[in-house]
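A quick write-up on the structure given underneath.
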Amino acid sequence: MCLLASACVNQPYEAKPIDATAISSKLANKDINNPDFKAYLAKQGINQPISEWGVDELTLAALYFNPKLDVAKAQLALANLAVKTANQKQSPIVNGRAARSNQANGDVNPWAFGLEVELPIETTNKRQIKVEEAQHLQEVARIDVADVAWQLRSQIAKDLLSFYENSAQQQQLTNELTIHNNLVKLLEKRVQLGAASNTELNVAKLQQQKAQFLLNSEQSKSTEIRAALAADVGLSSEKFAQLHVKTADIQSAPAATPNTAQLQDNALLNRLDIRRSLAKYAAAESKIKLEVAKQTPDISLSPGFAFEFGDSIWSLGFSSLLNLLNKNPTLIAEATQLREIEGAQFEVLQANVIAELSQANAALIASQQNIAQVKQQLAAQQKVTLKLQRQLDAGQIDRLDLTQNKLNTTLIEQQLINAQFRHLNALLALENSLQKPLNASNIINDKTIQIQRVNE
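Numbering of the sequence shown is given in this note's numbering, commencing with residue 8 and proceeding in unit increments.
So this is what it looks like as C-alpha coordinates:
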(Lines of atoms letter the chains of each structure in order from A; the text may use other names.)
(Lines give C-alpha, C1' and ligand atoms only; values in the text may rest on other atoms or scores of the structure.)
Protein backbone atom coordinates (compact mmCIF):
# COMPACT_ATOMS: atom_id res chain seq x y z
CA MET A 8 0.00 0.00 0.00
CA CYS A 9 2.85 2.35 0.84
CA LEU A 10 4.43 1.62 -2.55
CA LEU A 11 1.12 2.28 -4.31
CA ALA A 12 0.64 5.49 -2.36
CA SER A 13 4.13 6.75 -3.19
CA ALA A 14 3.58 5.92 -6.86
CA CYS A 15 0.50 8.12 -6.91
CA VAL A 16 2.30 11.17 -5.50
CA ASN A 17 2.99 13.75 -8.22
CA GLN A 18 6.03 15.98 -8.23
CA PRO A 19 4.87 19.57 -7.72
CA TYR A 20 5.79 22.35 -10.12
CA GLU A 21 8.52 24.62 -8.81
CA ALA A 22 8.67 28.10 -10.28
CA LYS A 23 12.12 29.60 -10.86
CA PRO A 24 11.81 33.11 -12.28
CA ILE A 25 14.93 34.90 -13.51
CA ASP A 26 16.02 37.78 -11.31
CA ALA A 27 18.01 40.00 -13.67
CA THR A 28 19.19 42.26 -10.84
CA ALA A 29 20.48 39.36 -8.75
CA ILE A 30 22.30 37.84 -11.73
CA SER A 31 23.90 41.19 -12.58
CA SER A 32 25.07 41.55 -8.99
CA LYS A 33 26.40 37.98 -9.02
CA LEU A 34 28.45 38.64 -12.16
CA ALA A 35 29.86 41.87 -10.76
CA ASN A 36 30.82 40.33 -7.42
CA LYS A 37 32.82 37.37 -8.71
CA ASP A 38 36.12 37.49 -6.86
CA ILE A 39 39.34 35.46 -6.80
CA ASN A 40 39.27 35.74 -3.00
CA ASN A 41 36.05 33.72 -2.88
CA PRO A 42 36.61 30.78 -0.47
CA ASP A 43 34.93 28.36 -2.89
CA PHE A 44 37.30 29.42 -5.67
CA LYS A 45 40.29 28.99 -3.36
CA ALA A 46 39.05 25.50 -2.47
CA TYR A 47 38.69 24.76 -6.19
CA LEU A 48 42.31 25.82 -6.80
CA ALA A 49 43.46 23.68 -3.89
CA LYS A 50 41.79 20.64 -5.47
CA GLN A 51 43.80 21.30 -8.63
CA GLY A 52 47.05 21.33 -6.64
CA ILE A 53 47.68 25.06 -7.14
CA ASN A 54 49.89 26.69 -4.51
CA GLN A 55 48.28 29.77 -2.98
CA PRO A 56 48.41 32.68 -2.94
CA ILE A 57 49.17 32.94 -6.64
CA SER A 58 51.88 35.57 -7.09
CA GLU A 59 51.75 35.68 -10.90
CA TRP A 60 48.82 34.75 -13.12
CA GLY A 61 49.78 33.09 -16.39
CA VAL A 62 47.72 31.29 -18.99
CA ASP A 63 47.15 28.17 -16.85
CA GLU A 64 46.11 30.09 -13.74
CA LEU A 65 43.82 32.41 -15.72
CA THR A 66 42.33 29.41 -17.53
CA LEU A 67 41.44 27.82 -14.20
CA ALA A 68 39.79 31.09 -13.17
CA ALA A 69 37.81 31.13 -16.42
CA LEU A 70 36.73 27.51 -15.94
CA TYR A 71 35.34 28.56 -12.57
CA PHE A 72 33.93 32.03 -13.27
CA ASN A 73 33.04 32.28 -16.97
CA PRO A 74 29.29 31.59 -17.48
CA LYS A 75 29.80 30.15 -20.98
CA LEU A 76 30.92 26.88 -19.43
CA ASP A 77 27.76 26.75 -17.30
CA VAL A 78 25.62 26.62 -20.45
CA ALA A 79 27.57 23.68 -21.87
CA LYS A 80 27.46 21.87 -18.52
CA ALA A 81 23.69 22.39 -18.32
CA GLN A 82 23.33 20.86 -21.79
CA LEU A 83 25.44 17.91 -20.62
CA ALA A 84 23.14 17.47 -17.61
CA LEU A 85 20.21 17.36 -20.05
CA ALA A 86 21.99 14.69 -22.10
CA ASN A 87 22.59 12.68 -18.91
CA LEU A 88 18.86 12.79 -18.16
CA ALA A 89 18.12 11.74 -21.74
CA VAL A 90 20.05 8.50 -21.12
CA LYS A 91 17.86 7.76 -18.10
CA THR A 92 14.74 8.62 -20.08
CA ALA A 93 15.74 6.27 -22.89
CA ASN A 94 16.16 3.45 -20.36
CA GLN A 95 12.64 3.77 -18.97
CA LYS A 96 10.21 0.94 -19.61
CA GLN A 97 6.72 1.59 -20.91
CA SER A 98 4.15 1.87 -18.14
CA PRO A 99 1.18 -0.53 -18.04
CA ILE A 100 -2.28 0.84 -18.76
CA VAL A 101 -5.34 0.17 -16.61
CA ASN A 102 -8.81 0.27 -18.21
CA GLY A 103 -11.95 0.16 -16.10
CA ARG A 104 -15.64 0.36 -16.94
CA ALA A 105 -19.02 0.28 -15.25
CA ALA A 106 -22.49 -0.15 -16.77
CA ARG A 107 -26.12 -0.63 -15.72
CA SER A 108 -28.89 -2.23 -17.74
CA ASN A 109 -32.66 -1.82 -17.54
CA GLN A 110 -33.03 -5.62 -17.07
CA ALA A 111 -35.29 -5.79 -20.13
CA ASN A 112 -33.82 -9.24 -20.92
CA GLY A 113 -34.26 -10.50 -17.39
CA ASP A 114 -30.67 -9.96 -16.26
CA VAL A 115 -29.92 -11.38 -12.84
CA ASN A 116 -28.06 -8.21 -11.87
CA PRO A 117 -28.42 -4.84 -13.59
CA TRP A 118 -24.77 -3.92 -12.98
CA ALA A 119 -21.63 -4.69 -14.99
CA PHE A 120 -18.05 -3.94 -13.89
CA GLY A 121 -14.81 -4.57 -15.74
CA LEU A 122 -11.08 -4.12 -15.13
CA GLU A 123 -8.37 -4.68 -17.74
CA VAL A 124 -4.60 -4.19 -17.57
CA GLU A 125 -2.55 -3.55 -20.71
CA LEU A 126 0.99 -4.90 -20.37
CA PRO A 127 3.26 -3.51 -23.13
CA ILE A 128 6.01 -5.89 -24.24
CA GLU A 129 8.90 -4.44 -26.23
CA THR A 130 10.13 -6.80 -28.90
CA THR A 131 13.77 -6.98 -30.11
CA ASN A 132 16.08 -4.65 -28.14
CA LYS A 133 14.65 -1.21 -28.90
CA ARG A 134 15.17 0.15 -25.39
CA GLN A 135 18.85 -0.84 -25.35
CA ILE A 136 19.32 0.79 -28.75
CA LYS A 137 17.65 4.00 -27.51
CA VAL A 138 20.02 4.01 -24.55
CA GLU A 139 22.98 3.45 -26.89
CA GLU A 140 21.94 6.41 -29.07
CA ALA A 141 21.41 8.62 -26.02
CA GLN A 142 24.86 7.67 -24.69
CA HIS A 143 26.50 8.69 -27.96
CA LEU A 144 24.69 12.05 -27.81
CA GLN A 145 25.76 12.29 -24.17
CA GLU A 146 29.37 11.94 -25.34
CA VAL A 147 28.74 14.72 -27.88
CA ALA A 148 27.55 16.98 -25.05
CA ARG A 149 30.58 16.04 -22.93
CA ILE A 150 32.92 16.93 -25.80
CA ASP A 151 31.04 20.23 -26.22
CA VAL A 152 31.88 21.08 -22.60
CA ALA A 153 35.56 20.32 -23.24
CA ASP A 154 35.42 22.37 -26.44
CA VAL A 155 34.03 25.41 -24.61
CA ALA A 156 36.78 24.99 -22.01
CA TRP A 157 39.44 24.83 -24.73
CA GLN A 158 38.00 27.91 -26.47
CA LEU A 159 38.23 29.79 -23.17
CA ARG A 160 41.89 28.80 -22.79
CA SER A 161 42.60 29.68 -26.41
CA GLN A 162 41.00 33.11 -26.08
CA ILE A 163 42.85 33.82 -22.84
CA ALA A 164 46.16 32.83 -24.46
CA LYS A 165 45.34 35.16 -27.36
CA ASP A 166 44.42 37.99 -24.99
CA LEU A 167 47.63 37.48 -23.00
CA LEU A 168 49.68 37.58 -26.17
CA SER A 169 48.00 40.86 -27.14
CA PHE A 170 48.69 42.16 -23.63
CA TYR A 171 52.37 41.23 -23.85
CA GLU A 172 52.74 42.64 -27.34
CA ASN A 173 51.09 45.89 -26.27
CA SER A 174 53.50 46.21 -23.32
CA ALA A 175 56.50 45.52 -25.56
CA GLN A 176 55.31 48.04 -28.15
CA GLN A 177 54.86 50.70 -25.46
CA GLN A 178 58.41 50.13 -24.24
CA GLN A 179 59.88 50.30 -27.74
CA LEU A 180 57.84 53.37 -28.69
CA THR A 181 58.94 55.07 -25.46
CA ASN A 182 62.57 54.40 -26.43
CA GLU A 183 61.92 55.66 -29.95
CA LEU A 184 60.22 58.82 -28.66
CA THR A 185 63.18 59.52 -26.37
CA ILE A 186 65.53 59.35 -29.36
CA HIS A 187 63.22 61.60 -31.42
CA ASN A 188 63.22 64.12 -28.57
CA ASN A 189 67.02 64.08 -28.52
CA LEU A 190 67.15 64.51 -32.30
CA VAL A 191 64.80 67.50 -32.15
CA LYS A 192 66.91 69.13 -29.43
CA LEU A 193 70.11 68.59 -31.41
CA LEU A 194 68.57 69.97 -34.60
CA GLU A 195 67.13 72.99 -32.77
CA LYS A 196 70.65 73.86 -31.60
CA ARG A 197 71.95 73.40 -35.15
CA VAL A 198 69.23 75.65 -36.58
CA GLN A 199 70.13 78.33 -34.03
CA LEU A 200 73.76 78.05 -35.12
CA GLY A 201 72.82 78.02 -38.79
CA ALA A 202 74.20 74.51 -39.25
CA ALA A 203 70.83 72.97 -40.19
CA SER A 204 67.69 74.08 -42.00
CA ASN A 205 64.18 74.44 -40.62
CA THR A 206 63.11 71.77 -43.10
CA GLU A 207 65.28 69.19 -41.36
CA LEU A 208 63.90 70.29 -38.00
CA ASN A 209 60.29 70.11 -39.19
CA VAL A 210 60.81 66.59 -40.54
CA ALA A 211 62.27 65.53 -37.17
CA LYS A 212 59.35 67.12 -35.30
CA LEU A 213 56.90 65.34 -37.59
CA GLN A 214 58.54 62.01 -36.80
CA GLN A 215 58.47 62.93 -33.11
CA GLN A 216 54.72 63.63 -33.26
CA LYS A 217 54.12 60.37 -35.10
CA ALA A 218 55.96 58.39 -32.42
CA GLN A 219 54.01 60.21 -29.69
CA PHE A 220 50.72 59.39 -31.46
CA LEU A 221 51.61 55.71 -31.79
CA LEU A 222 52.61 55.56 -28.12
CA ASN A 223 49.33 57.18 -27.05
CA SER A 224 47.40 54.69 -29.20
CA GLU A 225 49.16 51.71 -27.61
CA GLN A 226 48.55 53.13 -24.13
CA SER A 227 44.84 53.52 -24.90
CA LYS A 228 44.70 50.01 -26.32
CA SER A 229 46.13 48.64 -23.07
CA THR A 230 42.89 49.38 -21.20
CA GLU A 231 40.81 47.64 -23.87
CA ILE A 232 43.04 44.55 -23.82
CA ARG A 233 42.84 44.24 -20.03
CA ALA A 234 39.05 44.64 -20.17
CA ALA A 235 38.80 41.89 -22.80
CA LEU A 236 41.05 39.61 -20.75
CA ALA A 237 38.95 40.26 -17.64
CA ALA A 238 35.74 39.45 -19.52
CA ASP A 239 37.15 36.18 -20.86
CA VAL A 240 38.26 35.16 -17.37
CA GLY A 241 34.77 36.02 -16.10
CA LEU A 242 35.74 38.84 -13.75
CA SER A 243 34.91 42.53 -13.71
CA SER A 244 37.68 44.93 -14.70
CA GLU A 245 37.92 46.12 -11.09
CA LYS A 246 38.38 42.60 -9.72
CA PHE A 247 40.80 41.66 -12.49
CA ALA A 248 42.95 44.69 -11.64
CA GLN A 249 43.84 42.91 -8.38
CA LEU A 250 45.72 40.22 -10.33
CA HIS A 251 49.40 40.46 -11.17
CA VAL A 252 49.74 39.10 -14.69
CA LYS A 253 52.86 37.01 -15.26
CA THR A 254 55.69 38.79 -17.09
CA ALA A 255 56.21 37.71 -20.69
CA ASP A 256 59.29 35.83 -21.81
CA ILE A 257 59.12 35.99 -25.58
CA GLN A 258 62.54 34.37 -25.87
CA SER A 259 61.27 31.11 -24.32
CA ALA A 260 59.23 30.09 -27.36
CA PRO A 261 60.49 26.83 -28.92
CA ALA A 262 62.80 27.44 -31.84
CA ALA A 263 62.55 23.96 -33.33
CA THR A 264 59.75 23.19 -35.76
CA PRO A 265 57.49 20.41 -34.41
CA ASN A 266 57.21 17.12 -36.30
CA THR A 267 54.41 17.80 -38.79
CA ALA A 268 53.51 14.15 -39.40
CA GLN A 269 53.26 13.41 -35.69
CA LEU A 270 51.21 16.54 -35.05
CA GLN A 271 48.84 15.60 -37.87
CA ASP A 272 48.34 12.10 -36.48
CA ASN A 273 47.60 13.51 -33.02
CA ALA A 274 45.16 16.07 -34.38
CA LEU A 275 43.30 13.59 -36.58
CA LEU A 276 42.77 11.30 -33.59
CA ASN A 277 42.44 13.62 -30.61
CA ARG A 278 40.93 16.92 -31.71
CA LEU A 279 37.63 17.63 -29.99
CA ASP A 280 35.73 18.28 -33.20
CA ILE A 281 37.05 14.98 -34.61
CA ARG A 282 35.86 13.11 -31.53
CA ARG A 283 32.53 14.95 -31.63
CA SER A 284 32.01 13.98 -35.26
CA LEU A 285 32.80 10.32 -34.48
CA ALA A 286 30.27 10.36 -31.62
CA LYS A 287 27.61 11.88 -33.88
CA TYR A 288 28.33 9.22 -36.51
CA ALA A 289 27.92 6.51 -33.85
CA ALA A 290 24.59 8.07 -32.84
CA ALA A 291 23.49 7.96 -36.48
CA GLU A 292 24.41 4.25 -36.55
CA SER A 293 22.24 3.65 -33.50
CA LYS A 294 19.39 5.51 -35.18
CA ILE A 295 19.52 3.04 -38.08
CA LYS A 296 19.53 0.11 -35.65
CA LEU A 297 16.43 1.51 -33.97
CA GLU A 298 14.51 1.97 -37.20
CA VAL A 299 15.45 -1.56 -38.30
CA ALA A 300 14.31 -2.92 -34.93
CA LYS A 301 10.98 -1.11 -35.32
CA GLN A 302 10.16 -3.44 -38.21
CA THR A 303 9.18 -5.93 -35.50
CA PRO A 304 6.19 -4.31 -33.78
CA ASP A 305 5.72 -4.25 -30.04
CA ILE A 306 2.86 -6.26 -28.52
CA SER A 307 0.49 -5.76 -25.62
CA LEU A 308 -1.12 -8.40 -23.43
CA SER A 309 -4.40 -7.39 -21.81
CA PRO A 310 -5.57 -9.68 -19.00
CA GLY A 311 -8.91 -8.65 -17.56
CA PHE A 312 -11.79 -9.59 -15.29
CA ALA A 313 -15.42 -8.54 -15.59
CA PHE A 314 -18.62 -9.02 -13.64
CA GLU A 315 -21.43 -8.62 -16.14
CA PHE A 316 -25.06 -8.76 -15.04
CA GLY A 317 -24.45 -11.61 -12.64
CA ASP A 318 -21.79 -13.46 -14.66
CA SER A 319 -18.04 -13.53 -13.81
CA ILE A 320 -15.82 -13.34 -16.92
CA TRP A 321 -12.03 -13.40 -17.32
CA SER A 322 -10.29 -12.48 -20.56
CA LEU A 323 -6.84 -12.25 -22.14
CA GLY A 324 -6.37 -9.80 -24.99
CA PHE A 325 -3.51 -9.44 -27.46
CA SER A 326 -2.72 -6.43 -29.65
CA SER A 327 0.05 -5.40 -32.00
CA LEU A 328 0.65 -3.06 -34.90
CA LEU A 329 -0.05 -4.78 -38.20
CA ASN A 330 2.77 -3.60 -40.45
CA LEU A 331 2.88 -6.36 -43.03
CA LEU A 332 2.56 -3.81 -45.83
CA ASN A 333 4.85 -1.16 -44.32
CA LYS A 334 8.18 -2.39 -42.97
CA ASN A 335 9.43 1.11 -42.11
CA PRO A 336 11.51 1.54 -45.31
CA THR A 337 11.27 5.33 -45.46
CA LEU A 338 12.48 5.92 -41.91
CA ILE A 339 15.29 3.38 -42.38
CA ALA A 340 16.34 5.16 -45.58
CA GLU A 341 16.19 8.53 -43.80
CA ALA A 342 18.36 7.27 -40.93
CA THR A 343 20.80 5.71 -43.41
CA GLN A 344 21.07 9.00 -45.29
CA LEU A 345 21.75 10.80 -42.01
CA ARG A 346 24.65 8.41 -41.42
CA GLU A 347 25.97 9.16 -44.92
CA ILE A 348 25.83 12.87 -44.15
CA GLU A 349 27.73 12.42 -40.89
CA GLY A 350 30.34 10.31 -42.70
CA ALA A 351 30.78 12.94 -45.42
CA GLN A 352 31.06 15.71 -42.81
CA PHE A 353 33.74 13.72 -40.99
CA GLU A 354 35.77 13.42 -44.19
CA VAL A 355 35.46 17.16 -44.81
CA LEU A 356 36.47 17.84 -41.21
CA GLN A 357 39.61 15.73 -41.49
CA ALA A 358 40.54 17.48 -44.74
CA ASN A 359 40.06 20.87 -43.05
CA VAL A 360 42.20 19.79 -40.09
CA ILE A 361 45.03 18.70 -42.40
CA ALA A 362 44.84 22.01 -44.30
CA GLU A 363 44.69 24.03 -41.07
CA LEU A 364 47.72 22.23 -39.66
CA SER A 365 49.65 22.71 -42.89
CA GLN A 366 48.91 26.45 -42.93
CA ALA A 367 49.80 26.84 -39.24
CA ASN A 368 53.07 24.97 -39.72
CA ALA A 369 53.94 27.04 -42.80
CA ALA A 370 53.28 30.25 -40.87
CA LEU A 371 55.48 28.97 -38.04
CA ILE A 372 58.40 28.21 -40.38
CA ALA A 373 58.02 31.60 -42.10
CA SER A 374 58.05 33.40 -38.74
CA GLN A 375 61.23 31.57 -37.70
CA GLN A 376 62.93 32.57 -40.94
CA ASN A 377 61.80 36.16 -40.48
CA ILE A 378 63.26 36.26 -36.95
CA ALA A 379 66.60 34.96 -38.23
CA GLN A 380 66.71 37.63 -40.97
CA VAL A 381 65.87 40.50 -38.61
CA LYS A 382 68.46 39.28 -36.10
CA GLN A 383 71.10 39.43 -38.83
CA GLN A 384 70.05 43.00 -39.66
CA LEU A 385 70.18 43.94 -35.99
CA ALA A 386 73.64 42.42 -35.55
CA ALA A 387 74.92 44.39 -38.55
CA GLN A 388 73.31 47.57 -37.24
CA GLN A 389 74.87 47.08 -33.80
CA LYS A 390 78.31 46.79 -35.42
CA VAL A 391 77.69 50.13 -37.14
CA THR A 392 76.66 51.65 -33.80
CA LEU A 393 79.91 50.49 -32.17
CA LYS A 394 81.90 51.91 -35.06
CA LEU A 395 80.14 55.28 -34.84
CA GLN A 396 80.63 55.37 -31.07
CA ARG A 397 84.38 54.96 -31.56
CA GLN A 398 84.34 57.72 -34.19
CA LEU A 399 82.41 59.99 -31.81
CA ASP A 400 84.91 59.31 -29.05
CA ALA A 401 87.70 60.19 -31.51
CA GLY A 402 85.93 63.42 -32.50
CA GLN A 403 85.43 62.32 -36.11
CA ILE A 404 81.61 62.71 -36.05
CA ASP A 405 79.10 64.63 -33.93
CA ARG A 406 76.38 63.29 -31.64
CA LEU A 407 73.64 63.84 -34.24
CA ASP A 408 75.03 61.07 -36.46
CA LEU A 409 75.19 58.64 -33.53
CA THR A 410 71.67 59.55 -32.37
CA GLN A 411 70.30 59.03 -35.86
CA ASN A 412 71.97 55.63 -35.95
CA LYS A 413 70.44 54.75 -32.56
CA LEU A 414 67.04 55.53 -34.04
CA ASN A 415 67.73 53.09 -36.87
CA THR A 416 68.73 50.47 -34.31
CA THR A 417 65.51 51.04 -32.36
CA LEU A 418 63.42 50.63 -35.51
CA ILE A 419 65.11 47.30 -36.28
CA GLU A 420 64.51 46.21 -32.67
CA GLN A 421 60.83 46.97 -33.23
CA GLN A 422 60.90 44.79 -36.33
CA LEU A 423 62.42 41.99 -34.23
CA ILE A 424 59.70 42.31 -31.60
CA ASN A 425 57.04 42.22 -34.32
CA ALA A 426 58.67 39.11 -35.80
CA GLN A 427 58.86 37.43 -32.40
CA PHE A 428 55.18 38.04 -31.73
CA ARG A 429 54.28 36.78 -35.21
CA HIS A 430 56.15 33.63 -34.21
CA LEU A 431 54.21 33.39 -30.94
CA ASN A 432 50.93 33.90 -32.78
CA ALA A 433 51.93 31.15 -35.20
CA LEU A 434 52.60 28.84 -32.24
CA LEU A 435 49.21 29.75 -30.80
CA ALA A 436 47.56 28.98 -34.15
CA LEU A 437 49.33 25.61 -34.20
CA GLU A 438 48.10 24.89 -30.66
CA ASN A 439 44.55 25.70 -31.75
CA SER A 440 44.94 23.37 -34.72
CA LEU A 441 45.95 20.59 -32.33
CA GLN A 442 43.61 21.71 -29.53
CA LYS A 443 46.43 20.82 -27.18
CA PRO A 444 49.18 22.92 -25.52
CA LEU A 445 52.62 22.48 -27.09
CA ASN A 446 54.82 23.13 -24.05
CA ALA A 447 52.62 22.36 -21.04
CA SER A 448 50.29 19.77 -19.66
CA ASN A 449 46.66 20.12 -20.62
CA ILE A 450 44.84 21.37 -17.52
CA ILE A 451 41.43 20.94 -19.13
CA ASN A 452 39.87 17.75 -17.78
CA ASP A 453 36.79 16.51 -15.92
CA LYS A 454 38.29 17.62 -12.61
CA THR A 455 39.00 21.21 -13.62
CA ILE A 456 35.76 21.55 -15.58
CA GLN A 457 33.93 20.07 -12.56
CA ILE A 458 31.81 17.48 -14.34
CA GLN A 459 31.11 13.97 -13.11
CA ARG A 460 30.86 11.01 -15.44
CA VAL A 461 27.46 9.37 -15.03
CA ASN A 462 28.79 5.82 -15.20
CA GLU A 463 31.50 6.37 -12.57
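We put the CB at the ideal spot given by N, CA and C, even for glycine. Keep in mind the model is a prediction, meaning the values are calculated, not measured.
(message) Quick check: residue 228 and residue 173, are their CB atoms within less than 8 angstroms of each other?
(response) Yes.
(message) Going by the DSSP bridge assignment, what does residue 100 pair with across the sheet?
(response) For residue 100, which the question treats as bridged, DSSP gives the partners 125.
(request) Taking the CB atoms as reference points, tell me whether residue 279 and residue 442 lie closer together than 8 angstroms. (result) Between residue 279 and residue 442, the gap from beta carbon to beta carbon is short of 8 angstroms.
(request) Look at the Cβ atom of residue 161, then the Cβ atom of residue 368, and state whether they are nearer than 8 angstroms. (result) Not in contact: residue 161 and residue 368 (Cβ atoms no closer than 8 angstroms).
(request) Within the region 118–169, note down every full alpha helix (DSSP H) run reaching 4 residues or more, in order along the chain. (result) Counting only runs of 4 or more, we get nothing.
(request) Taking only the alpha-carbon atoms, compute the straight-line gap between residue 393 and residue 415 and give it to the nearest angstrom. (result) Roughly 13 angstroms separates the two Cα atoms.
(request) Determine the direct distance from the alpha carbon of residue 353 to that of residue 359, and round the result to whole angstroms. (result) Going by the C-alpha atoms only, they are around 10 angstroms apart.
(request) Give a yes or no on contact between the region 121–133 and the region 69–82, applying the rule of three or more CB pairs nearer than 8 angstroms. (result) The region 121–133 vs the region 69–82: no contact.
(request) Determine contact between the region 162–170 and the region 196–209, defined as no fewer than three beta-carbon pairs at a distance below 8 angstroms. (result) Touching, no.
(message) Considering Cα atoms alone, identify which of 155, 120 and 223 is closest to residue 102.
(response) Comparing alpha-carbon positions, the option among 155, 120 and 223 lying closest to residue 102 turns out to be 120.
(message) Any contact between the region 212–223 and the region 185–195? By contact I mean 3 or more CB pairs, one from each, below 8 angstroms.
(response) Counting Cβ pairs under 8 angstroms, three or more are found: they touch.
(request) Report buried or exposed for residue 462, applying the criterion of at least 16 other Cβ atoms within 10 angstroms of its Cβ. (result) At residue 462, the pLDDT of 40 sits below 50, so the modelled position is not reliable and the matter cannot be decided from this model.
(message) Out of 413, 124, 272 and 66, which one is the CA nearest neighbour of residue 165?
(response) Of 413, 124, 272 and 66, the residue nearest in Cα terms is 66.
(request) With DSSP as the reference, label residue 61 as helix, strand or coil. (result) For residue 61, the secondary structure class from DSSP, reduced to helix, strand or coil, is coil.
(message) Quick check: what's the CA-CA separation for residue 375 versus residue 196?
(response) Spanning the two alpha carbons is a distance of roughly 44 angstroms.
(request) Would you mind sorting residue 52 into buried or exposed? The rule is 16 or more other CB atoms within 10 Å of its CB. (result) Residue 52 is exposed by the Cβ-count criterion.
(message) Could you tell me the alpha carbon to alpha carbon distance between residue 29 and residue 35, rounded to whole angstroms?
(response) The alpha-carbon atoms of residue 29 and residue 35 are separated by roughly 10 angstroms.
(message) Assuming residue 310 is part of the beta strand (DSSP E), what are its boundary residues?
(response) Secondary structure note for residue 310: its beta strand (DSSP E) is the uninterrupted segment 306–315.
(message) Please classify residue 254 as buried or exposed, where buried requires at least 16 neighbouring CB atoms within 10 angstroms.
(response) Residue environment: residue 254 is assigned as exposed (fewer than 16 neighbouring CB atoms within 10 Å of its CB, all protein chains considered).
(request) Assign residue 405 to one of three DSSP states: helix, strand, or coil. (result) Three-state result, residue 405: coil.
(request) Return the chain-ordered list of same chain residues with a C-beta closer than 6 angstroms to the C-beta of residue 243, the five sequence neighbours on each side being excluded. (result) Closer than 6 angstroms at Cβ, skipping near neighbours: 35.
(message) Assuming residue 436 and residue 377 are in contact, meaning their beta carbons sit under 8 angstroms apart, how far apart are those beta carbons, in whole angstroms?
(response) No, residue 436 and residue 377 are not in contact; Cβ-Cβ is about 15 angstroms, not under 8 angstroms.
(message) Our contact map puts residue 409 next to residue 395 with C-beta atoms below 8 angstroms; I'd like the distance itself, whole angstroms only.
(response) About 5 angstroms separates the two Cβ atoms, so the contact holds.
(request) Measure the C-alpha to C-alpha separation of residue 421 and residue 357 and round it to an integer number of angstroms. (result) The straight-line gap from Cα to Cα measures roughly 39 angstroms.
(request) Using the Cα positions of residue 318 and residue 117, report the straight-line distance between them to the nearest angstrom. (result) Distance from the CA atom of residue 318 to the CA atom of residue 117, rounded to whole angstroms, is 11 angstroms.
(request) Find out if the Cβ-Cβ distance for the pair residue 147, residue 93 is shorter than 8 angstroms. (result) Taking 8 angstroms as the Cβ cut-off, residue 147 and residue 93 do not qualify as a contacting pair.
(message) Quick check on the DSSP output: what are the complete alpha helix (DSSP H) runs of length 4 or more inside the region 378–448, in order along the chain?
(response) Listed in chain order, they are 406–441.
(request) Go ahead and pull the three-state DSSP assignment for residue 323. (result) Here residue 323 sits in strand by DSSP.
(request) Below 8 angstroms on the Cβ atoms is my guess for residue 323 versus residue 304; work out the distance and round it to an integer in Å. (result) The distance from the Cβ of residue 323 to that of residue 304 is about 19 angstroms, inconsistent with a contact at the 8 angstroms cut-off.
(request) From the DSSP output, in three-state form, read off residue 38 for me. (result) Residue 38: coil per DSSP, three-state reduction.
(message) I need the straight-line Cα distance from residue 431 to residue 60, nearest angstrom please.
(response) Cα-Cα distance, rounded: 19 angstroms.
(request) Please go through the same chain and pick out, in chain order, the residues whose beta-carbon is closer than 6 angstroms to the beta-carbon of residue 175, but skip the five residues on each side of it. (result) Contacts found: 424.
(request) Can you tell me the Cβ-Cβ gap for residue 32 and residue 251, rounded? I've got them flagged as a contact below 8 angstroms. (result) About 27 angstroms separates the Cβ atoms of residue 32 and residue 251, ruling out a contact at the 8 angstroms cut-off.
(message) Between residue 150 and residue 286, how many whole angstroms is the CB-CB distance? I'm expecting something under 8 angstroms.
(response) Rounded, the Cβ-Cβ distance is 7 angstroms, consistent with contact.
(request) Using only alpha-carbon positions, find the residue among 27, 104, 198 and 54 that is nearest to residue 407. (result) Nearest C-alpha to residue 407: 198.
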